[in-house]
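In our numbering, the protein residues as written are 51 to 471.
We treat Cβ as the ideally placed atom computed from N, Cα and C, and that holds for glycine.
These figures come from a predicted structure and were not determined experimentally.
Here the structure is laid out as structure tokens; the discussion comes afterwards.
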Amino acid sequence: MDPLQRVDLSSGSRKIEFSYSVRWLHTDVPFEERMNRYAQYSFLPQSFEIHWLSIINSFVLVLLLTGFLAIILMRVLKNDFSRYTRANEDLEDDEEETGWKLVHGDVFRLPPCFSIFCAYVGTGAQLFTLVVFILVLAVMNMFYPGNRGAMYTAAIVLYALTAGTAGFVSAHLYCRLSGSESARWAWNLVLSATLFPGPVFLMFCFLNTVAIMYNSQAALPFGTILVIMVIWALVTLPLTIIGGIAGRNMAKGKDFDTPCRTNKIPREIPPVPWYRQGPCQVFMAGFLPFSAIYIELHYIFASVWGHKLYTLYGILFIAFTMLVIVTSFITIALTYFQLAIEDHRWWWRSLFSGGSTGIFVYAYCFFYYFGRSGMFGFLQTSFFFGYMLLASYAAFIMLGTIGFLSSLVFVRRIYRAIKCD
């Protein structure tokens with residue numbers, strides 16, 4: 051058969067033999083450095099320039115947002131403090147209070163389903179710790195560019211080892227809110243141990259079944275699945291319980307230390323325009339942080355789902371830092387505006403506002419899949435959208451925790467600065 055001749059495979063099946071030749075060349079380049087020539091793709095002038103333009107764009111966004119929020123909030127809060135101080139000193143002033151001070155008796159009211167809420171916060175703290183560890187290891191060049199599975203293996207091991215963070219934060223917050231003698235704190239630990247691994251396991255079972263149906267090599271063997279389950283049962287779960295016990299013991303004898311007493315009857319929330327309601331607030335909170343990581347997100351997708359190598363971990367670490375800062379500031383601002391219209395339901399709202407960037411990330415998946423990836427078929431579609439759903443869910447939990455904790459610090463500080471009856 052002529053190797054240059056085209057073979058017609060449209061009718062029936064034919065047996066085709068392929069052959070290739072190999073020539074061995076001696077090289078003095080060490081094995082650890084042989085992938086460097088391929089990893090230099092990220093350092094090409096045009097690619098490197100795009101990365102730095104993305105960082106500059108994110109940095110400018112952080113400066114503008116920080117400056118804007120600092121000026122606006124400082125001026126507004128200064129006026130609020132002055133007005134509330136004058137109102138307290140002038141006992142004959144019958145002017146009705148308005149604004150965020152009016153909800154001081156409800157702002158620290160326990161959120162609905164606060165056991166699940168605490169589990170989300172604990173899981174988000176664990177995922178944040180996990181991402182920081184992975185980025186630090188990547189910046190230290192601990193991951194060999196040619197071994198694409200090294201980072202995934204490190205993520206599984208580090209997730210198991212950081213499980214104590216989820217248990218500690220979740221149980222500590224739960225016991226501070228409900229009291230350390232609450233009998234349901236153990237249920238809170240169960241939620242913390244399954245809130246993220248549960249959806250991951252269900253999605254993995256579905257995707258692995260699809261891979262087996264297609265006889266794909268992406269299907270993990272039973273032995274590997276068993277090892278992962280053993281790691282969760284013998285490492286992740288015990289560390290979560292140990293962290294929860296430590297968090298509960300640290301919370302003993304301590305209340306939530308709220309600056310204001312909580313009223314027994316919740317205050318009625320006045321109606322607000324549609325553009326100041328939850329959906330618009332969540333959309334705004336997710337759009338700005340997403341715009342700070344949009345460029346880097348494209349290269350990450352090309353590395354994970356394409357044939358590119360991503361080695362600019364220093365720039366990625368900077369982009370992640372920018373993302374955390376923008377998420378914190380935008381959530382604080384939106385929490386203040388929510389309290390200013392006398393809406394005290396800020397607990398879940400701050401978590402959803404901070405985590406809404408994960409929704410934008412998943413929306414970007416549709417653009418990348420249909421516009422950039424070139425993938426097709428049920429197998430590739432299910433793998434792409436299935437795993438990206440888990441990644442977006444993890445981003446939602448992590449950034450939501452950052453948004454809530456930032457808002458919590460802000461709310462406690464402003465209510466400590468005024469005199470509450």
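### Task
Mind reading off the beta-carbon distance from Leu241 to Ser165? Whole number of angstroms is fine, and I expect it under 8 Å.
6 Å
### Task
Mark His76 as exposed unless 16 or more other C-beta atoms lie within 10 angstroms of its C-beta, in which case mark it buried.
exposed
### Query
Span of the alpha helix (DSSP H) holding Ile262?
Pro247 to Met263
### Query
Ordered along the chain, which non-local residues of its own chain (more than five positions away) have a Cβ less than 7 Å from that of Arg462?
These residues qualify, in order along the chain: Pro309.
### Query
For Val277, does the count of other Cβ atoms within 10 angstroms reach 16, so buried, or fall short, so exposed?
exposed
### Glu346 burial status per 10 Å Cβ neighbour count (16 or more: buried)
buried
### Message
Taking only three categories from DSSP, how would you classify Leu449?
### Response
helix
### Task
Find out if the Cβ-Cβ distance for the pair Phe539, Ala269 is shorter than 8 Å.
Lying outside 51 to 471, the shown extent of the chain, residue 539 is not represented and no answer is given.
### Message
With a threshold of 6 Å on Cβ separation, who are the neighbours of Ile343 within its own chain once the five nearest residues in sequence on each side are excluded?
### Response
Ala369 and Leu373, listed in sequence order.
### Query
Touching or not, the segment 402 to 411 and the segment 446 to 454, by the rule of three or more beta carbon pairs under 8 Å?
yes
### Task
Let me know if Thr203 comes out buried or exposed under the rule of 16 or more other beta-carbons within 10 Å of its beta-carbon.
Counting Cβ neighbours within 10 Å, Thr203 comes out exposed, since fewer than 16 surround it.
### Task
Assuming Gly46 contacts Phe218 (C-beta within less than 8 Å), just tell me the rounded distance between them.
Examination of residue 46 is not possible in this model, given that the chain is present from 51 through 471 alone.
### Message
What I want to know is whether the C-beta of Leu75 ends up closer than 7 Å to one or more non-hydrogen atoms of the ligand COA.
### Response
Ligands displayed in this structure: none; no statement on the ligand COA is therefore possible.
### Message
Less than 8 Å between the beta carbons of Ala210 and Thr286, yes or no?
### Response
Result yes, Cβ atoms of Ala210 and Thr286 sit closer than 8 Å.
### Task
Measure the C-alpha to C-alpha separation of Trp74 and Phe68 and round it to an integer number of angstroms.
20 Å
### Query
What did DSSP end up calling Ile468 once you bin it into helix, strand or coil?
Residue state, collapsed to three classes: coil.
### Task
Check each candidate in Ala120, Ile105, Leu160 and Phe460 and name the one with the smallest Cα separation from Arg395.
The shortest C-alpha separation from Arg395 is found at Leu160.
### Message
Taking the alpha helix (DSSP H) that Gly328 belongs to, which residues open and close that run?
### Response
Gly328 to Trp355
### Query
Taking the alpha carbon of His222 as the point to measure from, which residue in Thr385, Leu440 and Met300 has its own alpha carbon closest?
Met300
#### Entry: Inter-residue Cα distance where the pair is Ser456 and Val189
27 Å
### Message
For Phe426 and Met201, I'd like the C-alpha separation in whole angstroms.
### Response
26 Å
### Query
Would Asp58 be called buried (16 or more neighbouring beta carbons within 10 Å of its own) or exposed?
Exposed, by the Cβ-count rule.
### Task
Please report how far the alpha carbon of Trp324 lies from the alpha carbon of Met263, in whole angstroms.
C-alpha separation (whole angstroms): 48 Å.
### Query
If you compare alpha carbons, which of Gly293, Phe254 and Leu257 is closest to Thr215?
Gly293
### Message
Taking the straight line between their C-alpha atoms, what separation do you get for Pro80 and Ser220?
### Response
47 Å
### Query
Would DSSP call Thr312 helix, strand or coil?
Judged by DSSP in its simplified three-state form, Thr312 adopts coil rather than helix or strand.
### Task
Please go through the same chain and pick out, in chain order, the residues whose beta-carbon is closer than 8 Å to the beta-carbon of Thr431, but skip the five residues on each side of it.
Apart from the 5 residues on each side of it in sequence, Thr431 sits with its Cβ closer than 8 Å to the Cβ of Tyr419 and Met425 in its chain, given in chain order.
#### Entry: CB contact flag (Val411, Ala390, <8 Å)
no
### Member of Leu185, Ser71, Ala169 and Glu318 whose CA lies at the smallest distance from the CA of Leu245
If we check each option's Cα against that of Leu245, Ala169 comes out closest.
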